[in-house]
Amino acid sequence: MPSAARVRLLGPFDIRLGAAGAAPGSARAEALFAYLVLHPETALPRERVASALWPGSTGTQARTNLRHLLHTVRSTVPELDHFVEITGRTLRWRPGAELWLDVAEYQKLLATEDDAARRDALRGAVALYGGEFGEGRDDEWLVAERDRLARLQMDALAELVELCTAAGDVVEATTHAERLLRLDPLREQTYRTLMRLHDAAGDRARAVRAYHLCASTLERELGVEPSEPTRAAYDALLAVPARAPETRGARPALVGRGREQAVLAAAWQEATAGAARLVLVQGEAGIGKSRLVEELGAWCVRRRAVVAVARCHAAEGTLAYGAVVDWLRTPAVRARLARLEPARLTELARLLPELLAEVPGLAAPVPLPPGDQRHRLYDAIAAAVVATRSPTLLVVDDLPEADRETCRLLHYLLRVAADAPLLVVGTARTGDTAPDGPLRELLVGLAHRDRLSEIDLGRLDAMHTAELAARTQGAGLDAADARRLHAETEGNPLYIVEALRGGWTPGAPPSPRVQSVIAGRLARLGATARHLLEVAAAIGREFPVDVLVAAAELDAEDAVRGLDELWRHRIVREQGDGGSYDFSHDRIRQVAYQELSPARRRMLHERIADALERTHGATPDPVSAQVAAHHAQAGAVDRAILWYRRAAAAAQLLHADVRAADLLGRALALAGTRPRSAERDAVELDLRTALLGPLVPVHGYVSEAVRSTQQRILELSAALGVEPAAPALRSLALEALTRGDFAAAGRFGQQLWDAADRGDGAPAGVLAVEAAYVLGIAAFWQNEMGTARDHFERALRCYRPELRRIHLVDYVQDPKVVCQSRLANTLFFLGDPAGAVAARDEALAWAEVVGHRFSHLTALTFAMVLAVDMGDDDAVRRFTVGLEAHGGERVHIQTMAVLRGYVAVLDGAHERGLAAIRAAERAICERPSAPGQAAIASRVLLAALVAAGDHSGAAAQAKRLLAAGGPARLWAPAARDVLARVPADD
Numbered sequence: 001m002p003s004a005a006r007v008r009l010l011g012p013f014d015i016r017l018g019a020a021g022a023a024p025g026s027a028r029a030e031a032l033f034a035y036l037v038l039h040p041e042t043a044l045p046r047e048r049v050a051s052a053l054w055p056g057s058t059g060t061q062a063r064t065n066l067r068h069l070l071h072t073v074r075s076t077v078p079e080l081d082h083f084v085e086i087t088g089r090t091l092r093w094r095p096g097a098e099l100w101l102d103v104a105e106y107q108k109l110l111a112t113e114d115d116a117a118r119r120d121a122l123r124g125a126v127a128l129y130g131g132e133f134g135e136g137r138d139d140e141w142l143v144a145e146r147d148r149l150a151r152l153q154m155d156a157l158a159e160l161v162e163l164c165t166a167a168g169d170v171v172e173a174t175t176h177a178e179r180l181l182r183l184d185p186l187r188e189q190t191y192r193t194l195m196r197l198h199d200a201a202g203d204r205a206r207a208v209r210a211y212h213l214c215a216s217t218l219e220r221e222l223g224v225e226p227s228e229p230t231r232a233a234y235d236a237l238l239a240v241p242a243r244a245p246e247t248r249g250a251r252p253a254l255v256g257r258g259r260e261q262a263v264l265a266a267a268w269q270e271a272t273a274g275a276a277r278l279v280l281v282q283g284e285a286g287i288g289k290s291r292l293v294e295e296l297g298a299w300c301v302r303r304r305a306v307v308a309v310a311r312c313h314a315a316e317g318t319l320a321y322g323a324v325v326d327w328l329r330t331p332a333v334r335a336r337l338a339r340l341e342p343a344r345l346t347e348l349a350r351l352l353p354e355l356l357a358e359v360p361g362l363a364a365p366v367p368l369p370p371g372d373q374r375h376r377l378y379d380a381i382a383a384a385v386v387a388t389r390s391p392t393l394l395v396v397d398d399l400p401e402a403d404r405e406t407c408r409l410l411h412y413l414l415r416v417a418a419d420a421p422l423l424v425v426g427t428a429r430t431g432d433t434a435p436d437g438p439l440r441e442l443l444v445g446l447a448h449r450d451r452l453s454e455i456d457l458g459r460l461d462a463m464h465t466a467e468l469a470a471r472t473q474g475a476g477l478d479a480a481d482a483r484r485l486h487a488e489t490e491g492n493p494l495y496i497v498e499a500l501r502g503g504w505t506p507g508a509p510p511s512p513r514v515q516s517v518i519a520g521r522l523a524r525l526g527a528t529a530r531h532l533l534e535v536a537a538a539i540g541r542e543f544p545v546d547v548l549v550a551a552a553e554l555d556a557e558d559a560v561r562g563l564d565e566l567w568r569h570r571i572v573r574e575q576g577d578g579g580s581y582d583f584s585h586d587r588i589r590q591v592a593y594q595e596l597s598p599a600r601r602r603m604l605h606e607r608i609a610d611a612l613e614r615t616h617g618a619t620p621d622p623v624s625a626q627v628a629a630h631h632a633q634a635g636a637v638d639r640a641i642l643w644y645r646r647a648a649a650a651a652q653l654l655h656a657d658v659r660a661a662d663l664l665g666r667a668l669a670l671a672g673t674r675p676r677s678a679e680r681d682a683v684e685l686d687l688r689t690a691l692l693g694p695l696v697p698v699h700g701y702v703s704e705a706v707r708s709t710q711q712r713i714l715e716l717s718a719a720l721g722v723e724p725a726a727p728a729l730r731s732l733a734l735e736a737l738t739r740g741d742f743a744a745a746g747r748f749g750q751q752l753w754d755a756a757d758r759g760d761g762a763p764a765g766v767l768a769v770e771a772a773y774v775l776g777i778a779a780f781w782q783n784e785m786g787t788a789r790d791h792f793e794r795a796l797r798c799y800r801p802e803l804r805r806i807h808l809v810d811y812v813q814d815p816k817v818v819c820q821s822r823l824a825n826t827l828f829f830l831g832d833p834a835g836a837v838a839a840r841d842e843a844l845a846w847a848e849v850v851g852h853r854f855s856h857l858t859a860l861t862f863a864m865v866l867a868v869d870m871g872d873d874d875a876v877r878r879f880t881v882g883l884e885a886h887g888g889e890r891v892h893i894q895t896m897a898v899l900r901g902y903v904a905v906l907d908g909a910h911e912r913g914l915a916a917i918r919a920a921e922r923a924i925c926e927r928p929s930a931p932g933q934a935a936i937a938s939r940v941l942l943a944a945l946v947a948a949g950d951h952s953g954a955a956a957q958a959k960r961l962l963a964a965g966g967p968a969r970l971w972a973p974a975a976r977d978v979l980a981r982v983p984a985d986d
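With full-length UniProt numbering, the residue at position 351 of the sequence shown is 351, and numbering never jumps.
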């Protein structure tokens, strides 16, 4: 009986053959199998198959290519003859070979005629449609089939909308209508259907927004207005009499940017050819950066590309990975998630918590602290964004406002997916890129790898100013008026458009500066629209309709009319697919906000904070920083501190340690505004204790930031008459160990142990484990190996996996990983190398299970140290690969440099490797960041000199190590052994 084949062609090709699930091995081989399974009953002449796969080749060359392809496929698919019948003249899918083909199953479901089963069959069919046929491919033979199947999908969705509506299931009908709209955004009937469905669900604002989206799409793509039936449905929603066709102002034209458009088109062609890159479009405010990029996005959509747009905001409440979340929620990207493995979906649920409700049985992500294993999350994001070969455009408006995590993710994507058909385009105001910020790091890194292009947008000249004016107001200007308009606006497109919309006419007195022009235009709005404008300006650049309406405290009818007025006057525009709007330009928002009095601003911010809390009651973490920022701007200090604390914890769960520290810093700044009191000191003590967690991965155990925080904790504890909290005691102990102050470390360790005995501040077991860890580390670096072993083993006995989150968030690392790892080194020094290897392997295995990057790096570092001590060069190389894969935090960077230098020596690069070790050793001595770092560097340098055959250097290093004392005493036997052997070698 032949083995089974499972073939998915709807979406990216996924072909699995035989019991082992063998894949064809190349895109051309996938195309061959796809072509054959679509004609399973037919023996296809070789000439037909060859010409379909190589349409640009001669018949002879195509047949030769086919012969070579069949030969290659035999090596990747051993069971080829079970599936394909090959003769000298024909190819065919072998009769009787078991085949599951999604296209066949899809068409079978669509053919269901039984009325009772029709709706369920259509549901199954549209769910099976994982994307357009052969997504990401442009083979000529599949175009007709792709279009046919797309039409079938649209017909199925339209029928489902009707069936669900008839059954009274408005929610499901809306879901199918929105999916139909994404497939065919120019179908007006679908917009009318959505308007009707949203209205039936009682959501008049979303119904009106569907019209706004319809009008904007038709204007952008076809240059036309909605038809009379659509406008009539819109008027009915607003409960107004039938009126004349829409008088909305013209959309600003894109003029004078031919050269820049050509540069973007060339970058797109280069990216789609397999050279992913980033293009940064720079220019002053209002110069047309976003407009230029919007045009590129529309151009790419027309070429069947996936386009995802995100806008970054300068507001304090920006979420870590904010732009990434926007990309993932873009429907075209969201559709790809259905193909991801559960483990990747679990990672993405950190950013998209709604996945836990949408995907049955999906495991919740384990909460993780700063410094976590970012590559798992990055891998999941990359799988969603670039795993298929579909050309993809990611847009980031206001890129300088992107958070550090988004910049890191972009660097990762453009590095690991360097050959993906991916183009990232960001916009930035001239001069907004901070010289030491995350964006600068990203740009420097990409420029070094030749993955960066930059476009500087200048102002329009007089000719293009006249052209923009003519296209904006529908009539041209004479040469004198054009020169005058250009002189007044200095060729800035925003100023030109706003001047014309604000009533600029030839011969009138010179217009005031653009802020006054915009203010005058806003003053003509109705009272309700003006109120909504003020609330929206206080929210920020992008504002969800539900939050806007809740904060404005208006009834639904008034809110809808007011929002519609703002849209008709091009003050706001619909944004994305999530029911949000944004200002047409941030300068408009700035003007509206600046006109608010301080008292009104405070009132609006407090209402917005309350609205955010109400609308996100079940999942507040994603908006916690926004809530905090609005409370702070409202002057509600206590509530702001509470929410900043919560936002910092949410940031830690996304391993955004820099962001977490920044949020806690904002909370501390607010606490500092309160009158001096014991209550204020208690709040500050709690915040500074929490701050230690994210500071250590960023700065190391010994740094000015950590030291000053610890000192203030001690001062506050003394003033309040309380003992420092356990996380602070542990941090103080490790800082003392790093400085080599074993007496102080012992005192803090004992205090931690006493707190464990009393059960202070943590569940039973947590403090006992942490205290045993600290005492074990102190004993280890004092060469008291028996005592160290006892403490490490006690910590492992007390460890409870269910309390892992507390260890990770409050104490930075997983104690089972680090205690098991350090026990391995301890056992080696006690003369038990077999036990050491077993403990090392168990530590690394548990590190994989936990998935905590900081802990894993520590375990790998000390596994390498053990390998150096045991002379196991293969293990040294193996663990080096692991370290490189995980990257490094501040605590590990210099030690990793030492170990990389050692590997270089092993590989024969003696001079380079020794120089790297010595440079890292000097850096460690100047600023150690973890206990024993200098001793480790000294020991590895000794081993490297021996491996390099530098006997005199090794002898000198051995003497240095013996004279060093402190933690270096651990390797005194190794140093004496070198000294004993060197004379004999000489």
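Glycine included, C-beta positions come from ideal geometry on N, C-alpha and C.
Using the beta-carbon count (16 or more within 10 Å), is K959 buried or exposed?
exposed
Leaving aside the five residues before and after A733 along the sequence, list all residues of the same chain whose C-beta is less than 6 Å from its C-beta, in chain order.
A745, F748, G749 and V774
Out of A768, L351, I496 and M864, which one is the CA nearest neighbour of G285?
As written in the sequence, residue 285 is Ala, which differs from the Gly given in the question. The shortest C-alpha separation from A285 is found at I496.
May I have the straight-line CA-CA distance separating T861 from M896, to the nearest angstrom?
7 Å
Going by Cα to Cα distance, which pick from T427, R118 and E454 is closest to R259?
E454
Looking at the structure shown, is E98 part of a helix, part of a strand, or coil, going by DSSP?
coil
Can you tell me whether E159 is helix, strand or coil according to DSSP?
helix
In angstroms with no decimal places, state the Cα-to-Cα distance between A523 and L604.
19 Å
Using a Cβ-Cβ cut-off of 7 Å (strictly less than) and excluding sequence neighbours within five positions of T406, which residues of its own chain qualify?
Y321, G322, A323 and V324
Does the region 578-585 come close enough to the region 604-623 to have 3 or more Cβ pairs within less than 8 Å?
no
Nearest to L110 by alpha carbon, out of V103, W100, D555 and L122?
L122
Distance between beta carbons of D621 and A650, contact taken as under 8 Å
4 Å
Between V698, H82 and R645, which lies nearest to V683 when the distance is taken from Cα to Cα?
R645
Under the assumption that V637 contacts L670 (Cβ atoms under 8 Å), give the Cβ distance between them as a whole number of angstroms.
5 Å
Compare the Cα-Cα distances from A434 to each of L399, Q957, Y191 and A420 and report the closest residue.
L399
On the DSSP letters alone, give me the boundaries of the alpha helix (DSSP H) that T72 sits inside.
G59 to T76
Would DSSP call residue 993 helix, strand or coil?
Nothing about residue 993 can be reported from this structure: the residues present for the chain run from 1 to 986 only.
Span of the beta strand (DSSP E) around D575
The amino acid at residue 575 is misidentified as Asp; the sequence shows Gln. First-last of the beta strand (DSSP E) with Q575: V572 to Q575.
Rounded straight-line distance, which links the Cα of G437 to that of V658
12 Å
Residues bridged to E85 by DSSP?
R92
Looking at the structure shown, is A725 part of a helix, part of a strand, or coil, going by DSSP?
coil
Is the Cβ-Cβ distance between L328 and L352 less than 8 Å?
yes
State buried or exposed for Q269, treating a residue as buried only when at least 16 other CB atoms are found within 10 Å of its CB.
exposed
Where do the N-terminal and C-terminal ends of the alpha helix (DSSP H) with L280 fall, by residue?
It is not in any alpha helix (DSSP H) - L280 instead sits in the beta strand (DSSP E) that spans R277 to G283.
Measure the alpha-carbon distance for residue 1031 versus L596 and round it to whole angstroms.
Missing from the structure shown is residue 1031; the chain here goes from 1 to 986 and no further.
Determine which residues share a DSSP beta bridge with P544 and list them.
S580
Going along the chain, which unbroken runs of the alpha helix (DSSP H) with 4 or more residues stay wholly within the region 287-346?
289-301, 322-329 and 331-334
Would you check if the distance between the CB atom of R209 and the CB atom of G562 is smaller than 8 Å?
no
Please name the residue or residues paired with A5 in a DSSP beta bridge.
L17 and L99
What separation, rounded to the nearest whole angstrom, lies between the Cα atoms of G88 and L66?
12 Å
State the start and end residues of the unbroken beta strand (DSSP E) segment that holds residue 1007.
A question about residue 1007 goes unanswered here, because the residues of the chain that appear run from 1 up to 986.
Secondary structure of G966, DSSP reduced to three states
helix
Residues near L69 by beta carbon distance below 7 Å, same chain, minus five either side
R28, A29 and L32
Go through the region 129-181 residue by residue and report every complete run of the alpha helix (DSSP H) that reaches 4 residues or more, in order.
140-166
Would you call T478 buried or exposed, if buried means 16 or more other Cβ atoms sit within 10 Å of its Cβ?
Reading off the sequence, residue 478 comes out as Asp, not Thr. With fewer than 16 other Cβ atoms within 10 Å, it is exposed.
Run through the region 604-683 for me and flag every whole beta strand (DSSP E) of 3 or more residues, listed as ranges in chain order.
none
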